[in-house]
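What follows is one structure encoded as structure tokens, with my remarks underneath.
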Amino acid sequence: MSEIRPGVQFVREFAPRKTSPAVDTRTTFMVGLTKAGVTDAQVLVRSFAEFQDAFQTGGQHSKVFETAVAAFFQFGNAPLWVAKVADAESNGKPNDAAWQAALDLFTVDLGPGQVLAPGQSDTKAHKRLAAHALATNRVALLDGAKDADPAALKQLATGLAVSPGSDRCALFGNWAVTPDGGDIPASVIAAIQTTKVDAISNIQPIEQQATPIAGITVKAWADKDKTAAYKDGANLVISRPGGVVLGGYRSVLADPGTYDFSATRLMMWLEAQIKTLSAQFIGSPITTDTVATFHGAVASLLSRVFSAGGLFGETAQEAYLVDTRSVNTPETAAKRELNARVSIRIAEHVELVKVHAVSVPVTETI
Numbered sequence: 008m009s010e011i012r013p014g015v016q017f018v019r020e021f022a023p024r025k026t027s028p029a030v031d032t033r034t035t036f037m038v039g040l041t042k043a044g045v046t047d048a049q050v051l052v053r054s055f056a057e058f059q060d061a062f063q064t065g066g067q068h069s070k071v072f073e074t075a076v077a078a079f080f081q082f083g084n085a086p087l088w089v090a091k092v093a094d095a096e097s098n099g100k101p102n103d104a105a106w107q108a109a110l111d112l113f114t115v116d117l118g119p120g121q122v123l124a125p126g127q128s129d130t131k132a133h134k135r136l137a138a139h140a141l142a143t144n145r146v147a148l149l150d151g152a153k154d155a156d157p158a159a160l161k162q163l164a165t166g167l168a169v170s171p172g173s174d175r176c177a178l179f180g181n182w183a184v185t186p187d188g189g190d191i192p193a194s195v196i197a198a199i200q201t202t203k204v205d206a207i208s209n210i211q212p213i214e215q216q217a218t219p220i221a222g223i224t225v226k227a228w229a230d231k232d233k234t235a236a237y238k239d240g241a242n243l244v245i246s247r248p249g250g251v252v253l254g255g256y257r258s259v260l261a262d263p264g265t266y267d268f269s270a271t272r273l274m275m276w277l278e279a280q281i282k283t284l285s286a287q288f289i290g291s292p293i294t295t296d297t298v299a300t301f302h303g304a305v306a307s308l309l310s311r312v313f314s315a316g317g318l319f320g321e322t323a324q325e326a327y328l329v330d331t332r333s334v335n336t337p338e339t340a341a342k343r344e345l346n347a348r349v350s351i352r353i354a355e356h357v358e359l360v361k362v363h364a365v366s367v368p369v370t371e372t373i
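Its first residue numbered 8, the sequence shown is counted upward by one per residue in the working numbering.
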């Protein structure tokens, strides 16, 4: 633009739209085979009709994935990102690189949530999902084989236990069946129930806390087999009046700090929220007021979790501690750092109820 002097110059520009970081832990990420669709981008779908528009249905090798997505929207209601695995001339068996390329489409900026590859039940697939969950602050919902028994599930859980990201994984052992005979991998049932529970509340979406999914069935397991599978790191889908529910919600690890999968989801939520909150302080002058404001923001976030019932303690002081005093010093200020140390006591969940009844003779007092 030429300048006229003396004169007035007015330059009109459009600022880019500000977007908030994605922190909805209900968001679900599914990777699998589809009949059609792009393989170089992830696609957000909000209904099965949108999935059909983007990927079509009726593919030779995509029935399990199509049934999974259909069930997800029939019985649930959450944002779903889909990535198609390139299947050129592989006869329904893409190589490891193709699976990894599809997973990589779910970039970290899409936020936290649960990632799954419905029906993929081998250790390689599980390790890919575990590594992805670790890199993106997500949790992974894993499948056992359709006909897996307790021994097979134990082998899967054991094979994953030492892998990076295994603390973010839960294994679900038995598949469900639709009225027309379609197979629904157990990870999909877990995703449906998981997305109905906000991570901040730290509630397990199991039989007592979740609405049964009606219209589908699962093969019944003997009590000893259910107990064995759960002990060895696998959760089962079980039948109850009104439909099917999750019979457990534990991770593949037995470590006390990572055993409870609801606690894992809560930590995922906290990581996403604290990162978003902390980013707002970048560029702020390092002063005592800034440190105090930062402390208050983190403490306020944890107060929300405590009020929602996600932490253990009769008072907030018993449930969490935010330390910004000892970790912010002249030395850290010289390094241009703003620090916080957070300690939290995440509430455990009842896994066994014991009642001891004593029969007292009528001639005796209680």
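We treat Cβ as the ideally placed atom computed from N, Cα and C, and that holds for glycine.
Which of helix, strand or coil DSSP assigns to residue i
i	result
Leu-309	helix
Trp-257	Per the sequence shown, the amino acid found at residue 257 is Arg instead of Trp. DSSP places Arg-257 in strand when its eight states are reduced to three.
Asp-111	helix
Ala-193	helix
Val-204	coil
Gln-59	helix
Gly-39	strand
Thr-339	helix
Ser-333	coil
Arg-33	coil
Ile-199	helix
Leu-141	helix
Ser-350	strand
Gln-324	helix
Leu-123	strand
Gly-303	helix
Ala-183	strand
Ala-241	strand
Thr-64	coil
Leu-318	strand
Val-15	coil
Thr-224	strand
Val-369	coil
Contact set for residue i: own chain, Cβ-Cβ below 7 Å, skip 5 residues either direction
i	result
Ala-221	Gly-249, Gly-250
Lys-134	Leu-167, Ser-170
Ala-279	Val-30, Gly-118, Pro-119, Asn-144
Gly-320	Ala-326, Arg-352
Phe-268	Ala-177, Tyr-256, Arg-257, Ser-258
Pro-219	Arg-247, Gly-249, Gly-250, Val-251, Val-252
Close Cβ partners of residue i (< 8 Å) along its chain, the five nearest in sequence each way excluded
i	result
Gly-317	Ile-207, Ser-208, Asn-209, Leu-273, Ile-353, Ala-354
Ser-54	Phe-80
Pro-186	Gly-222, Ile-223
Lys-25	Residue placement at Lys-25 is poorly supported in this model, since its pLDDT is 44, which falls under 50; the coordinates are not used for a value here.
Ala-140	Val-122, Val-146, Ala-147, Gly-172, Arg-175, Cys-176
Contacts around residue i, its chain only, beta-carbon distance under 6 Å, and the 5 residues preceding and following it disregarded
i	result
Asn-84	none
Asn-181	Ala-193, Val-225, Leu-243, Val-244
Gly-255	Tyr-237, Asn-242
Ile-293	Ala-340
Asn-335	Val-298, Asn-346
Ala-304	Leu-284
Gln-200	Pro-212, Ala-217, Leu-253
Arg-33	Ala-85, Thr-202
Val-349	Val-329
Enclosing beta strand (DSSP E) for residue i [first to last residue]
i	result
Lys-91	87–91
Terminal residues of the alpha helix (DSSP H) in which residue i lies
i	result
Gln-280	268–286
Ala-48	That residue, Ala-48, is in no alpha helix (DSSP H); it is neither H nor E in DSSP.
Val-357	No alpha helix (DSSP H) contains Val-357, which DSSP labels as neither H nor E.
Val-362	Neither: Val-362 is in no alpha helix (DSSP H) and is coded neither H nor E.
Ala-77	70–82
Distance CB(residue i)-CB(residue j) smaller than 8 Å
i	j	result
Val-122	Leu-136	yes
Pro-157	Asp-239	yes
Ala-198	Leu-253	no
Phe-58	Val-45	no
Thr-130	Leu-178	no
Ala-94	His-68	Correcting the residue identity first, residue 94 is Asp in this sequence and not Ala. Yes, the Cβ-Cβ distance between Asp-94 and His-68 is below 8 Å.
Phe-72	Pro-125	yes
Gly-66	Leu-40	yes
Gly-189	Thr-74	yes
Ala-43	Phe-62	yes
Val-38	Ala-142	no
Ala-78	Val-195	yes
His-302	Thr-331	yes
Val-115	Trp-106	no
- Message: Just to confirm the assignment: which complete alpha helix (DSSP H) runs, minimum length 4, are found wholly within the region 135–181?
- Response: Taking only runs of at least 4 residues, the alpha helix (DSSP H) segments lying wholly in the region 135–181 are 157–167.
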